[in-house]
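Undergrad:
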Amino acid sequence: MLVSHDLTIVSMILNASIVVKVVMGTLVLASMLSWTYIFMKLFAIRRARRQADDFEREFWSGSDLVGLYQRAANGRHVSSGMERIFESGFKEFLKLKGRSGVDVTALLEGTRRAMKATYQREMDLLESHLNFLATVGSVSPYIGLLGTVWGIMNSFRALSNVAQATLAQVAPGIAEALIATAIGLFAAIPAVIAYNRFTHDIDRLAGRYESFMEELSNILQRQAHQPER
């Protein structure tokens, strides 16, 4: 007598053991969260890159630095990461320059420290949730494998009560268990690809920010040596 088994994906998931279902649910939740962070990070990096382009274009167009600073300080628009770095550095520069007895070295060091602090905050913001993507990418296959191993163990344990085991009796249980590995890979692969891509994009943005900080420091150094009018 042949026993037919419903081997559709939905049926195999519903017929899986409790442990395998918990593993699948955990992986699906991790995948949903990772996709949420992927889209959030994708839009955030594109916005930061576009805002950096706009600010650099305006900065190097010959605009007055005081005017740029006043516009940024007024907060009448959404400022970019590079603009916030400029704002913090120029604010510290003006504050220290207005003090008596502050030499050029201390002036520039204070300005660099202010820019570096803002730069670090911007990097922390851009890198947020990247650790989660890295964790999902590295751990999900193993979690799926755990569900697979558990499902296969249950399948062979059930066969111990059968006098004669056949492939038809073993195949459904193994197929159900292998779905956990498939879901784990489905969660891991996009997370790994997104993590590598975002890390590359953030490194390029960090390089642009650092170059801007050096160029601004050179400009402020020249201004610091100019006599007061």
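All letters in the sequence shown, in the order written, are residues 1218 to 1446 by this note's numbering.
Yeah, the Cβ is synthetic: ideal placement off N, Cα and C, and Gly gets one too.
All values reported here derive from a predicted model rather than from experimental measurement.
(1) Using the Cα positions of Ala1405 and Leu1259, report the straight-line distance between them to the nearest angstrom.
(2) Sort Ile1391, Leu1363, Ile1436 by Cα distance to Thr1243 and report the nearest one.
(3) From Gln1440, Ile1400, Asp1420, Leu1433, pick the residue whose C-alpha is nearest to that of Ala1265; which is it?
(4) Rounded to whole angstroms, what's the CA-CA distance from Leu1402 to Thr1416? Just pull it up for me.
(5) If we ignore side chains and look at the alpha-carbon of each, how far apart do Ala1441 and Met1249 end up?
(6) Which first and last residues belong to the alpha helix (DSSP H) in which Trp1252 is found?
(7) If Phe1272 and Glu1300 are in contact, beta carbons under 8 Å, what's the gap, nearest whole angstrom?
(8) Could you say if the segment 1330-1350 and the segment 1420-1434 meet the contact criterion of at least three C-beta pairs nearer than 8 Å?
(9) Output the distance between the C-alpha atoms of Val1399 and Gln1337, rounded to the nearest integer angstrom.
(10) Can you tell me whether Glu1275 is buried or exposed? The criterion is at least 16 other CB atoms within 10 Å of its CB, across all chains shown.
(11) Between Ile1262, Tyr1254, Val1245, which lies nearest to Asn1348 when the distance is taken from Cα to Cα?
(12) With distance defined between alpha-carbon atoms, name the residue in Phe1373, Ile1369, Ala1351 nearest to Ala1408.
(13) Thinking just about the alpha-carbon of each residue, which of Arg1374, Gly1361, Arg1425 is nearest to the one in Asp1395?
(14) Where do the N-terminal and C-terminal ends of the alpha helix (DSSP H) with Ser1309 fall, by residue?
(15) Within the continuous alpha helix (DSSP H) that includes Glu1344, where are the two ends?
(16) Using 10 angstroms around the beta-carbon of Gly1279, count the other beta-carbons present and answer buried if the total reaches 16, otherwise exposed.
(17) With C-beta atoms as the reference, is Thr1328 less than 9 Å away from Leu1437?
TA: On the basis of the coordinates in this document:
(1) Counting from 1 along the sequence shown, the entry for residue 1405 is found at position 188. Counting from 1 along the sequence shown, the entry for residue 1259 is found at position 42. Distance between the alpha carbons of Ala1405 and Leu1259 is about 18 Å.
(2) Here residue 1243 corresponds to residue number 26 of the sequence shown, with the count starting at 1. Relative to the Cα of Thr1243, the nearest Cα in the group Ile1391, Leu1363, Ile1436 belongs to Leu1363.
(3) For the purposes of this step, residue 1265 is taken as residue 48 along the sequence shown, with counting starting at 1. Ala1265 has its Cα closest to that of Asp1420, out of Gln1440, Ile1400, Asp1420, Leu1433.
(4) The count along the sequence shown starts at 1 and reaches residue 1402 at position 185. The count along the sequence shown starts at 1 and reaches residue 1416 at position 199. For Leu1402 and Thr1416, the distance between alpha carbons rounds to 21 Å.
(5) By one-based count along the sequence shown, residue 1441 stands at place 224. By one-based count along the sequence shown, residue 1249 stands at place 32. The straight-line gap from Cα to Cα measures roughly 52 Å.
(6) Counting from 1 along the sequence shown, the entry for residue 1252 is found at position 35. DSSP places Trp1252 inside the alpha helix (DSSP H), whose first and last residues are 1235-1276.
(7) Residue mapping note: residue 1272 aligns to position 55 of the sequence shown, counting from 1. Residue mapping note: residue 1300 aligns to position 83 of the sequence shown, counting from 1. Taking 8 Å as the upper bound for CB-CB distance, Phe1272 and Glu1300 are in contact here, some 5 Å apart.
(8) Taking 8 Å as the limit for Cβ pairs, the verdict is that the segment 1420-1434 does touch the segment 1330-1350.
(9) For this step, residue 1399 is matched to residue 182 along the sequence shown. For this step, residue 1337 is matched to residue 120 along the sequence shown. The amino acid at residue 1399 is misidentified as Val; the sequence shows Ala. Taking the straight line from one Cα to the other gives about 39 Å.
(10) As a working mapping, residue 1275 is identified with position 58 in the sequence shown. By the 16-neighbour rule on beta-carbons within 10 angstroms, Glu1275 is exposed.
(11) As a position in the sequence shown, residue 1348 is number 131, starting the count at 1. The shortest Cα separation from Asn1348 among Ile1262, Tyr1254, Val1245 belongs to Tyr1254.
(12) Locating residue 1408 in the sequence shown gives position 191, counting from the first residue. That would be Ala1351, whose Cα lies nearest to the Cα of Ala1408.
(13) Sequence index remark: in the sequence shown, residue 1395 carries index 178 (1-based). The sequence given here places Leu at residue 1395; Asp does not occur at that position. A check of alpha carbon separations from Leu1395 across Arg1374, Gly1361, Arg1425 identifies Gly1361 as the nearest.
(14) Here residue 1309 refers to the residue found at position 92 when the sequence shown is read from its first residue. Strictly speaking, residue 1309 in this sequence is Glu, with Ser absent from that position. From DSSP, the alpha helix (DSSP H) with Glu1309 extends over 1298-1314.
(15) Within the sequence shown, the letter at position 127 stands for residue 1344. Premise fails: Glu1344 is in no alpha helix (DSSP H) and is neither H nor E.
(16) In the sequence shown, the residue the question calls residue 1279 occupies position 62. Gly1279 should be labelled exposed.
(17) Walking along the sequence shown from the start, residue 1328 turns up at place 111. Walking along the sequence shown from the start, residue 1437 turns up at place 220. In this structure, Thr1328 lies near Leu1437, with their beta-carbon atoms less than 9 Å apart.
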